[in-house]
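A.B. asks: Just so you know, this note's numbering puts 194 at position 209 of the sequence shown, and the rest follows in order with no gaps.
We treat Cβ as the ideally placed atom computed from N, Cα and C, and that holds for glycine.
Following this message is one structure expressed as structure tokens.
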Amino acid sequence: MKGRKYLLTLAAMVTAASLFAVSAGANAILNWYFWTDGNGNVNAVNGPGGQYSVNWSGNGLFIAGKGWLQGSPDRIIHYTANDFQTDGNAFLMVYGWTRNPLVEYRVVDNWGNWRPVTADYRGSVYSDGAWYDLYHAWRYNAPSPDGTQTFRQYWSVRQTKRPIGSRSAVTLEAHVKAWDNAGMSPGSRWAHQILAVEGGSGTGQASITVW
């Protein structure tokens, strides 16, 4: 239960309104996102182009990444994780939201000492050379881009960690179709969509390039 409690707590915290204050303009190809709850020690650096890095220690919650203000259900997100290592709970993932209905989603490629799961398993999908397990969850009266709301969470979690240092791609269309087939239809309006590092405990470091 410790891992599940962490998942729900972290998901509630990182959807706070402060997450959506980006430091790049709406016309930028890639936008920089960084949020922290102020606890622990988190140093996130917005590098040139699609590059960013983050290192952390302690039990502070954070999310950092680069991506697009306008998400897409058929985007192929390319990235290289030159470094991603942690002794605590952290994820390397595609992260975003849809509206109508309001949905928070994650496609998790790598993690720390706990692989994220929820009780509501919805099957699996093969994409980009690996199997991903599908999970559904609800968040009740939790922060969201639209204020305090009740909303769905969709998860695709790779069954094995993606190798670090390789050129990688996440074909979002495969996950969207799998979610839809599993009764997890995303919303019709796509909000921001980022390749992110999310964490909440332990120490770690990451260096990512997105394109």
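Excluding sequence positions up to five away, which residues of its chain have a Cβ less than 6 Å from the Cβ of Val30?
C.D. replies: Excluding sequence neighbours, Val30 sits near Ser38.
A.B. asks: How would you label Lys51, buried or exposed, when you count the other beta carbons within 10 angstroms and need 16 or more for buried?
C.D. replies: The residue in question, Lys51, is buried, as its Cβ has 16 or more Cβ neighbours within 10 Å.
A.B. asks: What whole-angstrom Cβ distance do Arg60 and Gln178 have, given they're in contact under 8 Å?
C.D. replies: Their Cβ separation, rounded to whole angstroms, is 7 Å, which keeps Arg60 and Gln178 in contact under 8 Å.
A.B. asks: Determine the direct distance from the alpha carbon of Gly34 to that of Tyr111, and round the result to whole angstroms.
C.D. replies: In a straight line, the C-alpha of Tyr111 is about 30 Å away from that of Gly34.
A.B. asks: Please return the same chain residues whose Cβ sits closer than 7 Å to the Cβ of Arg174, not counting the five positions on each side in sequence.
C.D. replies: These residues qualify, in order along the chain: Thr83, Arg84, Asn85.
A.B. asks: Out of Thr65, Ala163, Asn95, Asn16, state which residue places its alpha-carbon closest to the alpha-carbon of Gln55.
C.D. replies: It is Asn16.
A.B. asks: I need the straight-line Cα distance from Ala6 to Gln36, nearest angstrom please.
C.D. replies: For Ala6, the pLDDT reaches just 42, beneath the cut-off of 50, and the residue's location in the model is therefore unreliable, although a value from the coordinates is still provided. One C-alpha to the other measures close to 19 Å.
A.B. asks: Going by C-alpha distance, which of Asn74, Ala66, Met78, Leu87 is nearest Thr133?
C.D. replies: Measuring from the Cα of Thr133, the nearest candidate turns out to be Leu87.
A.B. asks: For Ala238, which option in Ile14, Arg107, Ala49, Gly45 has the closest C-alpha, if you only look at C-alpha atoms?
C.D. replies: No answer is possible for residue 238: the residues shown for the chain start at -14 and end at 196.
A.B. asks: Applying the 10 Å Cβ sphere with the 16-neighbour rule, what's the burial state of Trp53?
C.D. replies: It counts as buried.
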